[in-house]
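Shown next, in structure tokens, is the structure this report addresses.
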Amino acid sequence: MIAWPLLLVFAQAPSPAGDAYQALHTREYDRAITLFREAVAASPANPALRKDLAYALLKIGDTESARDQFGEAARLDASDRQAALEYAFLCFETNRRAEARRIFDRLRKQGSATAAEAFGNIDRPLAEGIDRWGAVVEQAPENLSARRELARLAEERDELALAAENYLAAWRLRPTDRDLLVGLGRVWKTLGRAEQASAALLAASRGSSPRAADQARELLPPRYPYVNEFRRALELDPANVELRRELAYLLLAMGRQPEAEAEFARTLEVSSGDRLSAAQLGLLLLARGERDPGMRLLAGVLAGEDALSRRVRDSLAGGAKRWTPQSIDVRSPAQLGDVSYKTGMTQDALRHFTMAYQKDPFDFNVMLKLGWTLNVLKDDARAAGWFRLASKSPDPVVASEATQAYRNLRPSKSRLRTTVWAFPIWSSRWHDAFSYAQAKTELRTGIVRPYLSVRFIGNTRQPGDQALAEAAPQYLSETALVFAAGLATRPWRGAILWAEAGEAVSYVRRPGRAKPDYRGGVAFGRHFGAPLGGEARGMFAETSVDGVFLSRFDNDFLAYWQTRAGYTLPDAGPLRWQVYANANLTGDARGQAWANLGEVGPGLRFRLEPLPATFSVNLLRGAYTRGGYEPRGPNFVDLRIGLWYAFSR
Numbered sequence: 001m002i003a004w005p006l007l008l009v010f011a012q013a014p015s016p017a018g019d020a021y022q023a024l025h026t027r028e029y030d031r032a033i034t035l036f037r038e039a040v041a042a043s044p045a046n047p048a049l050r051k052d053l054a055y056a057l058l059k060i061g062d063t064e065s066a067r068d069q070f071g072e073a074a075r076l077d078a079s080d081r082q083a084a085l086e087y088a089f090l091c092f093e094t095n096r097r098a099e100a101r102r103i104f105d106r107l108r109k110q111g112s113a114t115a116a117e118a119f120g121n122i123d124r125p126l127a128e129g130i131d132r133w134g135a136v137v138e139q140a141p142e143n144l145s146a147r148r149e150l151a152r153l154a155e156e157r158d159e160l161a162l163a164a165e166n167y168l169a170a171w172r173l174r175p176t177d178r179d180l181l182v183g184l185g186r187v188w189k190t191l192g193r194a195e196q197a198s199a200a201l202l203a204a205s206r207g208s209s210p211r212a213a214d215q216a217r218e219l220l221p222p223r224y225p226y227v228n229e230f231r232r233a234l235e236l237d238p239a240n241v242e243l244r245r246e247l248a249y250l251l252l253a254m255g256r257q258p259e260a261e262a263e264f265a266r267t268l269e270v271s272s273g274d275r276l277s278a279a280q281l282g283l284l285l286l287a288r289g290e291r292d293p294g295m296r297l298l299a300g301v302l303a304g305e306d307a308l309s310r311r312v313r314d315s316l317a318g319g320a321k322r323w324t325p326q327s328i329d330v331r332s333p334a335q336l337g338d339v340s341y342k343t344g345m346t347q348d349a350l351r352h353f354t355m356a357y358q359k360d361p362f363d364f365n366v367m368l369k370l371g372w373t374l375n376v377l378k379d380d381a382r383a384a385g386w387f388r389l390a391s392k393s394p395d396p397v398v399a400s401e402a403t404q405a406y407r408n409l410r411p412s413k414s415r416l417r418t419t420v421w422a423f424p425i426w427s428s429r430w431h432d433a434f435s436y437a438q439a440k441t442e443l444r445t446g447i448v449r450p451y452l453s454v455r456f457i458g459n460t461r462q463p464g465d466q467a468l469a470e471a472a473p474q475y476l477s478e479t480a481l482v483f484a485a486g487l488a489t490r491p492w493r494g495a496i497l498w499a500e501a502g503e504a505v506s507y508v509r510r511p512g513r514a515k516p517d518y519r520g521g522v523a524f525g526r527h528f529g530a531p532l533g534g535e536a537r538g539m540f541a542e543t544s545v546d547g548v549f550l551s552r553f554d555n556d557f558l559a560y561w562q563t564r565a566g567y568t569l570p571d572a573g574p575l576r577w578q579v580y581a582n583a584n585l586t587g588d589a590r591g592q593a594w595a596n597l598g599e600v601g602p603g604l605r606f607r608l609e610p611l612p613a614t615f616s617v618n619l620l621r622g623a624y625t626r627g628g629y630e631p632r633g634p635n636f637v638d639l640r641i642g643l644w645y646a647f648s649r
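Per the numbering used here, the very first residue in the sequence shown carries number 1; after that it's consecutive.
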């Protein structure tokens, strides 16, 4: 009854912008940036917020994001010369020199001396370079390096016709360099020559250079190309095997089989070793009864042992009629998204999955993939929205995966968060099982977060045997439930400060069954390397340091340091596992004998998919560092078997 009014007071959401400025004042730049982003999302047309976000981003060295925010601020407030200047300087630093030059040129014409000086510093070397390389090209028109450099300088100086002329000449000198096609398409697009730009960019997007392909897709329209666009691209790049093969697939999907066969045949003329085109054309010929030419094309494919060869053999075993033209389809945006996602090109995957969703807004599988892509891009707020939509899928597999993903992300975005964890352990030294658990609900506000907590600290046996009676209950089990309310800071570089006040209620019959309980301290944890259950395999190390004040233990302050270092092993079916070495130290402020010891030894930690719990087995050799507490000797060996389980809602 006392705690709930406090929770309602804390539930008043503070202004993200106000908290952001406070975080800037205390130099908490990461937190300030997060809060500024929230404020900008709430008020996207506020140029002042965008400028302050940009300056905060500069504090952490994120110049590209700062550049974009200054650009938005300058667009929203055309009279803000300072934002425009900042944007121009950052454009120059991030290799957008043509754009920087344009802005400086505009500002110098408005009377800015700073912009005039900057414009001269950019324009003068460009003009001199164009004159120098132009002279080289005039004397040696076949000089590829000169053509390339002249095109680049002309583009930066907005001499676009000269740039297009030299990009095209350089491409004809080296028709395998698709970076030149990207430059040509970019310049033609700026000049308004849309059809020619589309041809150059489409050819560059279907080539052997992943970097050029990615840059070209950024400039292409967000739709699948038309047949005439493929043909114009092939006029510019006739040796592009991937482009011609994709056109053949498109024609086949449209029911234009003769044209498709002709394109497959031209592909083989350009690249006789293109086994995929040979397989497609051979099977098409077989499907319409031309067995001899079809088998001649398939002979080389059937000799292999790869997936394509096996697929062709399986089809032939079932009869050539299985291979109808309709069974071969062009890759859809969703399929292109899958390829991009698997190869790590997540921005490209996001673009393709978005196109697939626009094409079919009821494709729940695409919604799920959009969620995973945004999750990889660390945009969890949008990812959670897609997971929530995908959880409504009629396909139980998709719905189950999306529901689980949404549940995993939801706690990080909700105002109230409940965390439950349990850690039961069996000890060979004490021949007993101990359990430590906590259920905590916190209100996720600013730096300090209030919470309500219930802790359980207990063991399975009563302390009737002599050894346990001699053992200090502080070390083993408090045999109590602790009800408390407290405050904790949000994590900062792995560290949390916390304090709570409550009542400890013993669950065994003892005098003074309920006692006041005051706790507080600091918790710090860091992990390096390959985690258990992650995609990576290899070395890892983790450390945790806890300092805890406990009023019930003579107002003592205890410190625990635990470190593990080892190797995350390759998965063995559903088994995720790692081996490591332990090094643990415990000490206290009062120097009590039971609270000062060290432990070392090997350990094994594993998890069986899809079970959520993690198991651990540790064999530890320990020693008390102070005399006076030796219920079973100053040195000991302990086999500990534990289970860790936790979830958040």
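Cβ coordinates follow ideal geometry from the N, Cα and C atoms, glycine included.
Alpha-carbon to alpha-carbon, residue j and residue i
i    : j    : result
N240 : L569 : 43 Å
A11  : V420 : Note that A11 has pLDDT 41, beneath the 50 cutoff, so the model's placement of it is unreliable and the number below is only indicative. So the alpha carbons of these two residues sit roughly 22 Å apart.
K440 : G486 : 10 Å
P293 : Y406 : 54 Å
D177 : S205 : 12 Å
L374 : V522 : 34 Å
Q215 : V454 : 54 Å
T324 : Q280 : In this prediction, T324 scores a pLDDT of 41, lower than 50, which makes its location untrustworthy; the coordinate-derived value is nonetheless stated afterwards. Using only the alpha carbons, I get a separation of about 11 Å.
T563 : T114 : 55 Å
G319 : L389 : The pLDDT assigned to G319 is 48, lower than 50, so where the model puts this residue is not dependable; a value taken from the coordinates is nonetheless given after this. Computed Cα separation, rounded: 43 Å.
Y351 : G494 : Here residue 351 is Arg; the residue named in the question, Tyr, does not match the sequence. Cα to Cα, the separation comes out at about 34 Å.
L251 : L234 : 15 Å
R102 : V227 : 37 Å
I641 : N459 : 14 Å
F615 : P574 : 14 Å
A199 : A212 : 14 Å
P424 : F364 : 40 Å
E64  : A56  : 12 Å
L76  : A83  : 10 Å
V301 : R244 : 20 Å
A78  : R108 : 15 Å
T418 : W561 : 27 Å
T543 : T586 : 14 Å
I33  : P396 : 39 Å
E38  : I60  : 18 Å
P491 : T346 : 28 Å
I447 : L416 : 15 Å
A13  : T445 : Summary for A13: the model assigns pLDDT 43, below 50, so the residue's position carries little reliability, and this model does not support an answer.
L220 : H25  : 43 Å
Where the alpha helix (DSSP H) through residue i begins and ends
i    : result
A115 : 113-139
F92  : 81-93
A100 : 97-109
D52  : 47-59
L162 : 160-173
L219 : 210-219
R27  : Note, R27: premise wrong, no alpha helix (DSSP H); not H, not E.
R148 : 144-156
R296 : 291-302
Range of the contiguous beta strand (DSSP E) that encloses residue i
i    : result
N618 : 614-624
In DSSP terms, what residue i is bridged to
i    : result
W644 : T614
N582 : R564, G601
H527 : E542
N635 : A623
V182 : V182 pairs with nothing; no bridge assigned.
L608 : L575
F652 : The requested residue 652 does not occur in the structure, where the chain is confined to residues 1 to 649.
G547 : V522, A559
Cβ of residue i within 8 Å of any chain D Cβ
i    : result
L173 : Included in the structure is just one protein chain, with no chain D present.
Check: residue i C-beta below 7 Å from any heavy atom of the ligand PLP
i   : result
A32 : Looking at this structure, you won't find the ligand PLP or any other ligand, since it has none at all.
>> Which runs of the alpha helix (DSSP H) at least 4 residues long sit entirely within the stretch 360-448? Give them in chain order.
In response: 364-376, 380-390, 396-413
> In chain order, which continuous runs of the beta strand (DSSP E) of length 3 or greater are located wholly inside the stretch 481-517?
Replying inline: 495-506
>> Does the contact criterion of 3 or more C-beta pairs under 8 Å hold for the stretch 149-165 versus the stretch 127-141?
In response: yes
> If you scan the stretch 249-282 from start to end, which runs of the alpha helix (DSSP H) of 4 or more residues do you find wholly inside it?
Replying inline: 257-270
> Taking contact to mean at least 3 C-beta pairs separated by less than 8 Å, is the stretch 599-617 in contact with the stretch 377-386?
Replying inline: no
>> Assess contact between the stretch 571-580 and the stretch 590-598, defined as three or more Cβ pairs (one per stretch) separated by less than 8 Å. Is contact present?
In response: no
> Counting Cβ pairs closer than 8 Å, one from the stretch 634-644 and one from the stretch 613-624, do we hit at least three?
Replying inline: yes
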